[in-house]
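Inspection log for the structure reproduced underneath, given as structure tokens.
There are 2 protein chains.
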Amino acid sequence: MLLVRKGHVMIAVKVGGGKNINWDGVCRDIATLLGEEQIVLVHGASVRRDEIASRLNVAVKMVVSPSGVSSVYTDQESLEVFLMVYAGLVNKEIVARMHRHGINAVGLSGVDGRLWQAKAKKEIMVKEGDKVKLLKGNLTGRVEAVNTELITLLLQNGYLPVISAPAISIENEIVNTDNDWAIAVMAESLGIKKLVSLFEAPGLLRDPDDEGSLIHHIDKSAIDEYLPFARKRMKKKVLGAKRAIEGGIESIYWGDGRIEHPVLHALQGCGTVIC
Amino acid sequence: MLLVRKGHVMIAVKVGGGKNINWDGVCRDIATLLGEEQIVLVHGASVRRDEIASRLNVAVKMVVSPSGVSSVYTDQESLEVFLMVYAGLVNKEIVARMHRHGINAVGLSGVDGRLWQAKAKKEIMVKEGDKVKLLKGNLTGRVEAVNTELITLLLQNGYLPVISAPAISIENEIVNTDNDWAIAVMAESLGIKKLVSLFEAPGLLRDPDDEGSLIHHIDKSAIDEYLPFARKRMKKKVLGAKRAIEGGIESIYWGDGRIEHPVLHALQGCGTVIC
Chain A
9 MLLVRKGHVM
19 IAVKVGGGKN
29 INWDGVCRDI
39 ATLLGEEQIV
49 LVHGASVRRD
59 EIASRLNVAV
69 KMVVSPSGVS
79 SVYTDQESLE
89 VFLMVYAGLV
99 NKEIVARMHR
109 HGINAVGLSG
119 VDGRLWQAKA
129 KKEIMVKEGD
139 KVKLLKGNLT
149 GRVEAVNTEL
159 ITLLLQNGYL
169 PVISAPAISI
179 ENEIVNTDND
189 WAIAVMAESL
199 GIKKLVSLFE
209 APGLLRDPDD
219 EGSLIHHIDK
229 SAIDEYLPFA
239 RKRMKKKVLG
249 AKRAIEGGIE
259 SIYWGDGRIE
269 HPVLHALQGC
279 GTVIC
Chain B
9 MLLVRKGHVM
19 IAVKVGGGKN
29 INWDGVCRDI
39 ATLLGEEQIV
49 LVHGASVRRD
59 EIASRLNVAV
69 KMVVSPSGVS
79 SVYTDQESLE
89 VFLMVYAGLV
99 NKEIVARMHR
109 HGINAVGLSG
119 VDGRLWQAKA
129 KKEIMVKEGD
139 KVKLLKGNLT
149 GRVEAVNTEL
159 ITLLLQNGYL
169 PVISAPAISI
179 ENEIVNTDND
189 WAIAVMAESL
199 GIKKLVSLFE
209 APGLLRDPDD
219 EGSLIHHIDK
229 SAIDEYLPFA
239 RKRMKKKVLG
249 AKRAIEGGIE
259 SIYWGDGRIE
269 HPVLHALQGC
279 GTVIC
């Protein structure tokens, strides 16, 4: 394996963009793990994005695909907000915090070095009530290839890559992209076997309103059966997990990003384990 | 020299944040130069920053030092705008544009990998009318050291580093910083001998309102004598140039960023040459 140092495994860690994520806890756990493992971090920033979009009077337009997956419709104005909040504000705040915990972090977007190469989807089908219609001028894409050399270069020189959307299209235009899908493709390209995903819940819940209804274990061959339990953003996590499994991931750990040791706790199997 | 490939020289290029900069021209010129030279690019984003700050109702507060140099006072709110526009929006737009011109660009802020390490100046002296007073809570710093290993790593692997403020303090807090000073320190650390700086004027003008009053040549030992011709932002460029000369830069080319070949034209000595 290109990337694995002797005795080292590689873990991809995704942290959602919720406002109650315990980032100092994430940093401490990563600092602990870096002694033994190599880590690639991907982060969201949805709450800050919504807040800045609202202050700028840019509408965050949610659309629903014919199969019922909701996502953000991205026009030029919302792509600019996305760039500002994900690749600028939140990415650099995480990088600085990592450094305060002694971690040599470098922040990158999917645009840098064509890290996340996406196929643009300029037209998307969306469901509006009972109707399905074609929406044009969409600036999103699905990640299909990854610049593994750039990530390898940073890892081998002791840097922690801190990565966020957007991605870059084949035509070198900036496109918004789904982080959960992108991390799955990246994990496959890098031969990563473990994926941790943290958000503001203990894991996948049978009842999204009841944190006591945690699903502890999902057999990776049966992931499709759990799609009905996933609402809103969780749907994308399930689809991302499916893509990751198809790409060779051996185990996925969904865990609570709000607790004292978010990463370690998830890796101990205390959230939802898919294996 | 650590960084110079056989037969290659290194050039630091700074491009200001004006709205009429011909970025496609800058990209084309850099693509031409990359055959022969290694380049490190630093960019501003002041016009977009002012525009976004205004839309967010964040006041851009200008302060004047006792010696008459004006700069932006940075509190938490304005630092966030700075991060969004410099490290997010503008940096990534430049990186994507470079890729459209076939240049393998990677965008970094001074925070990433502690690229630009600054000494924080939490308190600054400012002139208000005839009075000088102490202003606290300032989030700026002056770059004193550079992570040359990270830049070298990218250059040696064929990437163009596209860098912008902010910087990171010794205490690993994000601090706003002066790009012109930072590029001078970076040039010294990397042993760079040539510095190009582009903005929205043909060079330094005797009369800032008359583009025909271009100063063609400045002897580097006499740079102090030209400070009186520099108004507003140009003052910082003169001070940055002075710092660059003290650090071993052999020639500085100030040129017009609005023309067809901004970088090549400046390097041909058609703007203001300091040597």
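Taken in sequence, the protein lines are chains A and B. Position 121, counted from 1, in the first sequence is what our numbering calls 129; the numbers after and before it change by one each time, with no gaps. Position 153, counted from 1, in the second sequence is what our numbering calls 161; the numbers after and before it change by one each time, with no gaps. All C-beta atoms in this analysis are idealised placements derived from N, C-alpha and C, irrespective of residue type, glycine included.
In terms of residues, what are the limits of the alpha helix (DSSP H) holding Q164/B?
Element bounds for Q164/B: T156 to Q164.
Check whether the stretch 149-161 of chain B touches the stretch 124-138 of chain B, taking contact to mean three or more Cβ pairs, one atom from each stretch, closer than 8 Å.
By the Cβ rule, the stretch 149-161 of chain B counts as touching the stretch 124-138 of chain B, because three or more pairs are nearer than 8 Å.
With a CB to CB cut of under 7 Å and the five nearest residues on each side skipped, what residues in its chain are close to K141/B?
These residues qualify, in order along the chain: V134.
Go to Q125/A, then tell me how far its beta strand (DSSP E) extends in each direction, as first and last residue.
Annotation: the continuous beta strand (DSSP E) that includes Q125/A extends over W124 to A128.
First through last residue of the alpha helix (DSSP H) which encompasses V17/A
It is not in any alpha helix (DSSP H) - V17/A instead sits in the beta strand (DSSP E) that spans V17 to V23.
Tell me whether K69/B is buried or exposed, calling it buried when 16 or more other Cβ atoms sit within 10 Å of its Cβ.
Of the other Cβ atoms in all chains shown, fewer than 16 fall within 10 Å of the Cβ of K69/B; this residue is therefore exposed.
Which residues in chain B sit within 9 Å of F51/A, going by Cβ to Cβ distance?
At residue 51/A the sequence reads His, which differs from the Phe that was named. Within chain B, no residue comes near H51/A; the closest Cβ sits about 13 Å away, beyond 9 Å.
Residue from V66/A, K240/A, P216/A and A249/A with nearest C-alpha to L203/A
When the alpha-carbon of L203/A is set against those of V66/A, K240/A, P216/A and A249/A, the nearest one is in A249/A.
Chain-ordered residues of the stretch 80-103 of chain B with a beta carbon less than 8 Å from chain A
Within the stretch 80-103 of chain B, the qualifying residues are E88, L91, M92, V93, Y94, A95, G96, L97, N99, K100, E101 and V103.
Please list, in chain order, the chain B residues whose beta carbon lies closer than 7 Å to that of L165/A.
Note on identity: in this sequence residue 165/A is Asn, with Leu being the wrong assignment. By Cβ distance, chain B contributes L161.
Reference E258/A; option with closest CA among K243/A, S229/A, L235/A and E233/A
It is S229/A.
At the level of alpha carbons, what is the spacing between A238/B and S172/B?
Rounded to whole angstroms, the gap between the alpha carbons of A238/B and S172/B is 23 Å.
Going by DSSP in three states, E268/B sits in which element: helix, strand or coil?
E268/B: coil per DSSP, three-state reduction.
Using the beta-carbon of each residue, which ones in chain B are nearer than 7 Å to D7/A?
Summary: the structure shown does not reach residue 7/A, with chain A confined to residues 9 through 283, and so no result is reported for it.
Given R56/B, which residues of its chain have a CB within under 6 Å of its CB, disregarding the five upstream and five downstream residues?
Taking C-beta separations shorter than 6 Å and ignoring five residues to either side along the sequence, the partners of R56/B in its chain run V93 and V98, following chain order.
Given a limit of 7 Å on CB to CB distance, which residues of the stretch 166-182 of chain B reach chain C?
No chain C appears in the structure shown, which is made up of the protein chains A and B.
From the DSSP output, in three-state form, read off H109/B for me.
Three-state DSSP puts H109/B in coil, outside helix and strand.
Would R57/A pass as an interface residue toward chain B - the criterion being a Cβ-Cβ separation below 8 Å?
No, R57/A does not count as interfacial toward chain B.
Take the Cβ of G76/B as the centre, count every other Cβ of all protein chains shown within 10 Å, and call the residue buried at 16 or more, exposed below.
Note on G76/B: under 16 other CB atoms within 10 angstroms of its CB, so exposed under the neighbour-count rule.
Which listed residue (Y167/A, G121/A, V71/A and S221/A) has its alpha carbon closest to that of E45/A:
Among Y167/A, G121/A, V71/A and S221/A, the Cα nearest to that of E45/A belongs to Y167/A.
What's the C-alpha gap between S54/A and L212/A?
Approximately 19 Å between the Cα atoms of the pair.
CA-CA distance, N30/B and G265/B?
Distance from the CA of N30/B to the CA of G265/B, rounded to the nearest whole angstrom, comes to 6 Å.
In its own chain, which residues sit with a C-beta less than 8 Å from the C-beta of I111/A, not counting the 5 before and 5 after it?
Spatial neighbours of I111/A in its own chain (CB-CB distance under 8 Å, excluding positions within 5 residues in sequence) are listed in chain order as C35, I38, A39, L42 and L168.
Indicate whether the contact test is met: 3 or more Cβ pairs, each with one atom in the stretch 266-280 of chain A and one in the stretch 240-255 of chain A, closer than 8 Å.
The answer is no - the stretch 240-255 of chain A does not touch the stretch 266-280 of chain A, with fewer than three Cβ pairs under 8 Å.
Please classify D122/A as buried or exposed, where buried requires at least 16 other C-beta atoms within 10 Å of its C-beta.
It is worth fixing the name first, because residue 122/A is Arg in this sequence and not Asp. Answer is buried; the Cβ neighbour count reaches 16.
Under 8 Å, do T280/B and I226/B count as touching if we go by C-beta distance?
In this structure, T280/B lies near I226/B, with their beta-carbon atoms less than 8 Å apart.
Given G263/B as reference, the closest of I19/B, I191/B, M18/B and V23/B once Cα atoms are compared
Of the candidates I19/B, I191/B, M18/B and V23/B, V23/B places its Cα closest to the Cα of G263/B.
Taking S86/A as part of the alpha helix (DSSP H), name the residues at either end of that continuous run.
Counting along the chain, the alpha helix (DSSP H) containing S86/A begins and ends at Q84 to F90.
Please tell me whether R239/A has its Cβ less than 8 Å away from any Cβ of chain B.
Residue contact check for R239/A against chain B: no CB pair falls below 8 Å.
Below 7 Å on C-beta distance, what does R251/A contact in chain B?
None at all; the shortest Cβ gap to chain B is about 25 Å.
Assuming L41/A is part of the alpha helix (DSSP H), what are its boundary residues?
The continuous alpha helix (DSSP H) containing L41/A extends over residues W31 to L41.
Please go through the stretch 42-88 of chain B and give each complete alpha helix (DSSP H) segment of 4 or more residues, from N-terminal end onward.
Annotation: the stretch 42-88 of chain B contains the following complete segments of the alpha helix (DSSP H) (minimum length 4 residues), in chain order: 54-63.
Measuring alpha carbon to alpha carbon, tell me which residue in K139/B, V193/B, L222/B and S117/B is nearest G154/B.
Rather than Gly, the amino acid found at residue 154/B in this sequence is Val. When K139/B, V193/B, L222/B and S117/B are compared, the shortest CA-CA separation from V154/B is found for V193/B.
Taking the alpha helix (DSSP H) that V193/B falls in, what are its first and last residues?
N187 to L198 is the span of the alpha helix (DSSP H), which, as asked, contains V193/B.
Determine the chain B residues that contact H224/A at a beta-carbon separation under 7 Å, and present them in chain order.
Close to H224/A, with beta-carbon spacing below 7 Å, lies no residue of chain B; the smallest spacing is near 38 Å.
Chain-ordered neighbours of R63/B on chain A, where CB pairs are closer than 7 Å
Counting only Cβ-Cβ distances below 7 Å, R63/B has contacts in chain A at L64, in chain order.
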